[in-house]
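For the sequence shown, our numbering begins at 1 and goes up steadily by one. Here's the structure, in structure tokens; my notes come after.
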Amino acid sequence: MDLFLFAMEKKMVLSMTKGHTEKIVLVVPISHTHYLVPPTGLGYLATALRQSGFTDITILDCVKEGLSFNGLSERFRKLKPKIVGFQVFSYDFDSVVRSIGILKKVCPETTILIGGAHVSATSMTVLEEIEEADYGFAGEGEIGLPMLAKHILRDEIIPLESIPGLIWRNGSSICNNERAGTEDLDSLGFQAWDLMEPVSYNGSPQGGFYKRFPIAPISTTRGCPYLCTFCGSGVNMGHKLRFRSMDHVLDEMVMLYDDYGVREYHIIDDMFNFHKNRVFEFCKGIRDRDLDISYTFPNGLRLNQLDKEMLQTMKDTGAYAFTVGIESGSQRILDSMKKGLTLELIEEKVNLINSVGLEPNGFFIIGYPDETVDDIKSTIRFAKKLKLRRAHFSNFLPLPGTEATRKLIENKEIEKTDWGSLFYSKVSYAPKGITRDQLKKLQRRAFLEFHLRPHILFWMLLEIKSINQLKMIIMRAIDYLFKK
1 MDLFLFAMEK
11 KMVLSMTKGH
21 TEKIVLVVPI
31 SHTHYLVPPT
41 GLGYLATALR
51 QSGFTDITIL
61 DCVKEGLSFN
71 GLSERFRKLK
81 PKIVGFQVFS
91 YDFDSVVRSI
101 GILKKVCPET
111 TILIGGAHVS
121 ATSMTVLEEI
131 EEADYGFAGE
141 GEIGLPMLAK
151 HILRDEIIPL
161 ESIPGLIWRN
171 GSSICNNERA
181 GTEDLDSLGF
191 QAWDLMEPVS
201 YNGSPQGGFY
211 KRFPIAPIST
221 TRGCPYLCTF
231 CGSGVNMGHK
241 LRFRSMDHVL
251 DEMVMLYDDY
261 GVREYHIIDD
271 MFNFHKNRVF
281 EFCKGIRDRD
291 LDISYTFPNG
301 LRLNQLDKEM
311 LQTMKDTGAY
321 AFTVGIESGS
331 QRILDSMKKG
341 LTLELIEEKV
351 NLINSVGLEP
361 NGFFIIGYPD
371 ETVDDIKSTI
381 RFAKKLKLRR
391 AHFSNFLPLP
401 GTEATRKLIE
411 NKEIEKTDWG
421 SLFYSKVSYA
431 PKGITRDQLK
441 KLQRRAFLEF
451 HLRPHILFWM
461 LLEIKSINQL
471 KMIIMRAIDY
481 LFKK
């Protein structure tokens with residue numbers, strides 16, 4: 001009788017857990033990027049899967065592990081995943097296609113998913129371009145991915161057309177389901193930090209520089225209400241600004257501080273300082289929780305929202321550096337970009353940041369549509385005039401889905417884009433009247449003229465804290481100077 005009861009109990013347990021422990025692998029693909037940061041998007045997807053009862057989840061970060069394609073093949077062979085989801089940025093497109101081909105050979109029964117910024121922007125065509133992918137997700141996947149996993153692994157009857165954001169094949173047609181962004185961001189929980197421990201991401205953060213270690217990227221909002229013509233943020237996350245409660249944000253920071261030893265936070269919002277009161281609530285929360293931390297904003301802050309009280313309060317609670325989207329030293333180009341900024345306001349706010357003892361860093365774009373050589377030279381002069389600690393001069397990238405790219409396609413200035421060329425140091429587009437070689441030389445000139453000034457070099461050398469960081473800085477410099 002006891003044996004019978006034991007057998008029945010074991011059968012019930014197996015029945016209850018069927019599908020819940022099926023292996024799901026979320027992949028950061030092999031990439032030529034030199035940044036090494038925890039993949040926050042995959043961290044949230046892993047948490048969403050756990051909330052639906054899936055427990056056997058791996059985040060495979062090929063960049064962190066330094067995997068070759070042979071090494072990736074071996075990892076797939078050992079993991080034997082049932083579902084693999086690839087994070088796709090445009091510049092990693094070729095790598096993802098090759099990786100999927102490898103996976104199909106090693107694990108032919110595996111269901112392959114793709115998602116991320118590139119998939120969101122090319123949702124109408126991406127399954128035609130990546131034929132071996134079974135499904136895609138456009139926009140945010142925390143609602144849709146667990147539904148699809150239940151459909152695949154638990155044989156639950158969930159109509160594919162009911163899964164938000166799903167891109168799927170219906171015979172010879174490709175269907176794009178309506179997207180659904182999460183309104184209650186607190187309901188998403190914290191990222192699955194145990195699958196991407198901050199201490200394992202050793203000293204090559206976004207932006208390249210840091211003050212303390214370990215570092216954790218954290219977001220407090222999703223979406224951006226602004227309409228900058230070159231930016232793909234709204235394509236992926238939408239233009240409606242949504243907020244986590246500040247208590248939820250701060251609770252995650254405390255957890256990271258206590259459980260993972262995190263001492264620096266990189267706030268990766270597109271629009272952290274949209275509401276002044278939230279900034280003060282954030283700073284008060286740091287004080288109330290007695291957090292001895294540093295923090296910075298590698299994705300940028302909105303310049304016209306900054307004032308002295310806000311800056312001083314952030315500095316007093318651990319902020320040390322701000323990156324700001326300046327983009328151009330030509331007012332004509334700023335207006336064309338729909339930045340909503342003037343050169344005078346930019347200079348005023350950069351001076352204000354300096355006045356409270358914070359480090360301002362600037363983003364600039366070289367080769368925006370209709371830009372002239374004189375416009376670019378104005379940008380270089382303006383960057384040097386501003387009291388910036390560092391400057392990032394990216395070539396204009398015709399990112400899919402953006403207003404600038406749509407206009408270029410309408411005007412027949414570009415046709416098919418080489419997705420792999422959409423990387424900051426490569427020249428994927430040159431405006432009329434400028435050759436690609438000229439544009440690369442202008443980017444090189446901007447980089448050298450800005451950084452080879454004694455005071456800039458001095459500060460950079462002082463801020464280098466590890467061999468890994470030094471290697472990353474050297475590799476980025478090589479990209480700027482030599483990659484075409």
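Cβ coordinates follow ideal geometry from the N, Cα and C atoms, glycine included. Keep in mind that this is a model prediction, so the values were computed, not measured.
Contact under 8 Å by Cβ, residue i with residue j
i	j	result
Lys349	Leu422	no
Lys80	Ile24	no
Thr296	Ala404	no
Arg179	Ala138	yes
Tyr35	Lys211	no
Cys231	Thr33	no
Ala383	Ala446	yes
Val199	Gly116	no
Leu481	Arg444	yes
Ser294	Gly318	yes
Thr182	Glu156	no
Arg406	Trp459	no
Unbroken beta strand (DSSP E) run spanning residue i, endpoints
i	result
Phe86	83 to 87
Cys175	173 to 176
Tyr424	Note, Tyr424: premise wrong, no beta strand (DSSP E); not H, not E.
Pro214	Per DSSP, Pro214 belongs to no beta strand (DSSP E) and is neither H nor E.
Ser25	Per the sequence shown, the amino acid found at residue 25 is Val instead of Ser. It spans 24 to 28 - the beta strand (DSSP E) in which Val25 sits, taken as one unbroken run.
Ala321	319 to 327
Phe363	359 to 366
Asn304	Segment: none, Asn304 is in no beta strand (DSSP E) and carries neither H nor E.
Ser394	390 to 395
Thr122	First-last for Thr122: undefined, no H or E at that position.
Alpha carbon of residue i to alpha carbon of residue j, nearest angstrom
i	j	result
Tyr201	Val37	6 Å
Pro217	His239	22 Å
Gly53	Lys150	10 Å
Cys548	Leu45	The structure shown has nothing for residue 548, since the chain only spans 1 to 484.
Thr122	Glu129	10 Å
Val106	Asp134	16 Å
Leu439	Pro360	26 Å
Phe93	Asp418	9 Å
Glu327	Asp292	33 Å
Leu250	Ser219	11 Å
Gly362	Glu410	31 Å
Asp307	Ile434	39 Å
Trp168	Leu452	51 Å
Asp194	Ile268	20 Å
Ile474	Gly171	50 Å
Ile467	Leu408	42 Å
His392	Leu461	17 Å
Ser378	Glu347	14 Å
Ile112	Leu153	13 Å
Own chain residues within Cβ distance below 7 Å of residue i, not counting five before or after
i	result
Ser39	The sequence as given places Pro at residue 39; Ser does not occur at that position. Excluding positions up to five away in sequence, the list reads Val28, Ile59, Asp61, Gln87, Met196.
Leu185	Arg222, Arg242, Phe243, Arg244
Asn177	Glu161, Ile163, Pro164, Gly165, Leu166
Asp479	Ser425
Asp374	none
Met124	Asn176
Where the alpha helix (DSSP H) containing residue i begins and where it ends
i	result
Val37	Careful: Val37 lies outside any alpha helix (DSSP H) and carries neither H nor E.
Phe382	373 to 385
Ile130	Looking at the DSSP string, Ile130 is not in any alpha helix (DSSP H), and its letter there is neither H nor E.
Glu264	Premise fails: Glu264 lies in the beta strand (DSSP E), 264 to 267, not in any alpha helix (DSSP H).
Arg287	276 to 288
Asn170	Looking at the DSSP string, Asn170 is not in any alpha helix (DSSP H); the run it does join, the beta strand (DSSP E), is 166 to 170.
Spatial neighbours of residue i in its chain, beta-carbon cut-off 8 Å, leaving aside the 5 residues before and after
i	result
Leu345	Leu303, Asn304
Leu470	Ile464
Ala430	Gly367, Arg436, Gln438, Leu439
Met237	Gly139, Glu140, Gly181, Arg222, Gly223, Cys224, Asp270
Glu264	Tyr210, Lys211, Arg212, Phe213, Pro214, Ile215, Ala216, Ile293, Ser294, Tyr295, Thr296
Phe69	Ile30, Arg98, Ser99, Ile102
Val119	Val88, Val126, Gly136, Phe137, Ala138, Ile167
Tyr257	Arg263, Leu291, Ile293
Inter-residue CB distance, residue i and residue j (contact presumed, cutoff 8 Å)
i	j	result
Phe322	Leu358	6 Å
Ile366	Leu442	6 Å
Val356	Leu311	5 Å
Val509	Gly300	No answer is possible for residue 509: the residues shown for the chain start at 1 and end at 484.
Ile414	Pro398	6 Å
Met246	Gly189	Rounded, the Cβ-Cβ distance is 16 Å, inconsistent with contact.
Phe280	Thr313	6 Å
Other residues of its chain near residue i: CB distance less than 6 Å, five sequence neighbours each side excluded
i	result
Asn354	Lys387
Ile174	Leu127
Ser73	Ile102, Val106
Ile333	Tyr368, Glu371, Asp375
Val96	Pro29, Phe86, Val88
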